[in-house]
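Same order as they appear, the protein sequences are chains A and B.
If you read the first sequence in the working numbering, its first letter stands for residue 10, the second for the next number, and so on.
If you read the second sequence in the working numbering, its first letter stands for residue 10, the second for the next number, and so on.
Structure record follows, encoded as structure tokens.
Number of protein chains: 2
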Amino acid sequence: MTRMGLTTERVTRAGAELADELGFDQVTPSVVARHFGVQVASLYSHVRNAQDLRVRVALLALEEMADRAAAALAGRAGRDALVALGTTYRDYAREHPGRYTAAQLRLDHATALASAGPRHAAMTRAILRGYQLTEPDQTHAVRLIGSVFHGYITQELGGSYDHSQPGPQESWERILDALDVLLRHWPHEGQP
Amino acid sequence: MTRMGLTTERVTRAGAELADELGFDQVTPSVVARHFGVQVASLYSHVRNAQDLRVRVALLALEEMADRAAAALAGRAGRDALVALGTTYRDYAREHPGRYTAAQLRLDHATALASAGPRHAAMTRAILRGYQLTEPDQTHAVRLIGSVFHGYITQELGGSYDHSQPGPQESWERILDALDVLLRHWPHEGQP
DNA sequence: GTCACTTCCTAAATGCGTTAGGCATATGCA
DNA sequence: TGCATATGCCTAACGCATTTAGGAAGTGAC
């Protein structure tokens, strides 16, 4: 009987593909084993357990998204950068819904620190260099941007915009416009 | 042997409580059965299967949130209404994290229509009556508000703000301020 | 070719979801 | 009050998933 040539990396990649096809919560040892035509127990040489498998898929997704985001951000600033970052995440989520979901998995503190998570945080902060914002407001703005991106993408992915007009692309563009305006005219403690 | 007096409603309520304690994905027939000190099979008289149980918890959460939101919105308009609605959702999520998660469960079209989902949509739309927005922009704004609320709450619940300053309450207030300003000065097709 | 290593296997324990069918308890009717 | 009926909860059993232990067979270095 010929070997399948499994490695931790191949198992993880398969997990990511299956997440996109079947949904992240369907990513289990048994599904991955079937995908390779292999006995379930064989996976446990490459992955500690089901949770470990899911965490690895999450880390892969975080890395992929960070790489794409970094490439998209290169040479851009201000509104361009904002649109580039948001659209990178959104496109990634539409291409790879399972991986995007995986990237939201709660990681323990140590794993989170070693992940691409901090790169994402840094990139959102970097965008704000194009806008004049000083410290407490900068953090508030980072959180707003993250909320809008993640909120919109989650709702779109979840089908919230499926049965209504106008299409999600149009709203996305107008929301980015609005966000840009807001960041350029960020209200100070007492708003106008 | 004395009876437990199970009903579909009691099972659903227990599911909701267990969701808050253990996480929504831990809400299964076996956990609920243990909670009542009852055999697993006994649940199947009250609930069709595991998915049905989860859907019922989701519907309960949607109703509870809609009721709270309606109460909070009564007699308020404009910025007050915006803050009241957002804070209702946020407080509910902090009090009942499992139920809030449940409320995000994807429902099939018919179930969604019969749920409290449409009430939530109507309430967000109602808030915009306090702002001067006409039709395509109104929908964009509804989606933005939903994205910010859900995005922020999800990230806060997921612990994204746990290890950084300033606290989530401060950011929340400033983000609501910013959102209010944005809705009052919504940029038209060509932004300033 | 042999040795060591690794990959993949079989076997088995445990637990969950689900269905089928049975006993016993609470409730409605005389 | 006594009985019939509906139903609340049970036991039993099946299939499938996760996980561990230990064994067999490919693979590569010498």
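Where a beta carbon is used, it is the ideal one built from N, C-alpha and C, also for glycine.
Legend entry - Proximity below 7 Å, CB of A/Ala102 to CB of A/Leu31: As a working mapping, residue 102 of chain A is identified with position 93 in the first sequence. As a working mapping, residue 31 of chain A is identified with position 22 in the first sequence. Going by C-beta atoms, A/Ala102 is not nearer than 7 Å to A/Leu31.
Legend entry - Environment of B/Gly24 [buried if 16+ CB atoms lie within 10 Å]: Counted from its first residue, the second sequence places residue 24 of chain B at position 15. Classification for B/Gly24: buried.
Inset, instruction - Please check if any C-beta of chain B sits within less than 7 Å of the C-beta of A/Ile154. - result: Along the first sequence, one-based indexing puts residue 154 of chain A at 145. No, its Cβ sits nowhere closer than 7 Å to a Cβ of chain B.
Inset, instruction - Please specify which runs of the alpha helix (DSSP H), each continuous and at least 4 residues long, are wholly inside the stretch 143–197 of chain A, giving them in chain order. - result: 144–166, 177–193
Inset, instruction - Check the Cβ-Cβ distances between B/Leu166 and every residue of chain A, and say whether any is below 7 Å. - result: Taking the second sequence and counting its residues from 1, one reaches residue 166 of chain B at position 157. No, B/Leu166 does not count as interfacial toward chain A.
Legend entry - Secondary structure of B/His55, DSSP reduced to three states: Within the second sequence, numbered from 1, the residue matching residue 55 of chain B stands at position 46. Coil at B/His55, not helix or strand.
Inset, instruction - Whole angstroms is fine: what's the gap from A/Glu73's alpha carbon to B/Gly14's? - result: Taking the first residue of the first sequence as position 1, residue 73 of chain A is located at position 64. Taking the first residue of the second sequence as position 1, residue 14 of chain B is located at position 5. Taking the straight line from one Cα to the other gives about 52 Å.
Inset, instruction - Please list, in chain order, all residues of the same chain as A/Gln164 whose beta carbon is under 8 Å from its beta carbon, the five residues on each side excluded. - result: Taking the first residue of the first sequence as 1, we reach residue 164 of chain A at position 155. Within the same chain, A/Gln164 has close Cβ partners Tyr170.
Legend entry - Neighbourhood of A/Asp29 by C-beta distance below 7 Å, restricted to the same chain and skipping five residues each side: Taking the first sequence and counting its residues from 1, the one referred to as residue 29 of chain A is at position 20. Excluding positions up to five away in sequence, the list reads His105, Pro106, Gly107, Arg108.
Inset, instruction - Would you identify the three-state DSSP class for A/Ala204, choosing helix, strand or coil? - result: The structure shown has nothing for residue 204 of chain A, since chain A only spans 10 to 201.
Inset, instruction - Please determine, among B/Val49, B/Arg128, B/Phe45, B/Leu69, the residue with the shortest C-alpha to C-alpha distance to B/Gly94. - result: Position 85 of the second sequence, counted from the start, is the residue given in the question as residue 94 of chain B. Checking the sequence, you will find Leu at residue 94 of chain B rather than Gly. Residue B/Arg128 is the option with its Cα nearest to B/Leu94.
Legend entry - Limits of the alpha helix (DSSP H) - the one that B/Arg134 falls within: Counting from 1 along the second sequence, the entry for residue 134 of chain B is found at position 125. 126–136 is the extent of the alpha helix (DSSP H) around B/Arg134.
Inset, instruction - May I ask you to report which of helix, strand or coil DSSP gives A/Ile13? - result: Indexing the first sequence from 1 puts residue 13 of chain A at position 4. For the record, residue 13 of chain A in the displayed sequence is Met; it is not Ile. If DSSP states are grouped into helix, strand and coil, A/Met13 belongs with coil.
Inset, instruction - Could you tell me which chain B residues have their CB closer than 9 Å to the CB of A/Thr163, listed as they occur along the chain? - result: The residue labelled residue 163 of chain A in the question sits at position 154 within the first sequence. Within 9 Å Cβ-Cβ: Gln113, Ser156, His159, Gly160, Thr163.
Inset, instruction - Examine the Cβ distances between the stretch 179–195 of chain B and the stretch 171–182 of chain A and report whether three or more of them are shorter than 8 Å. - result: no
Inset, instruction - For the alpha helix (DSSP H) containing B/Val41, list its first residue and its last residue. - result: By one-based count along the second sequence, residue 41 of chain B stands at place 32. Segment 38–45, the alpha helix (DSSP H) holding B/Val41.
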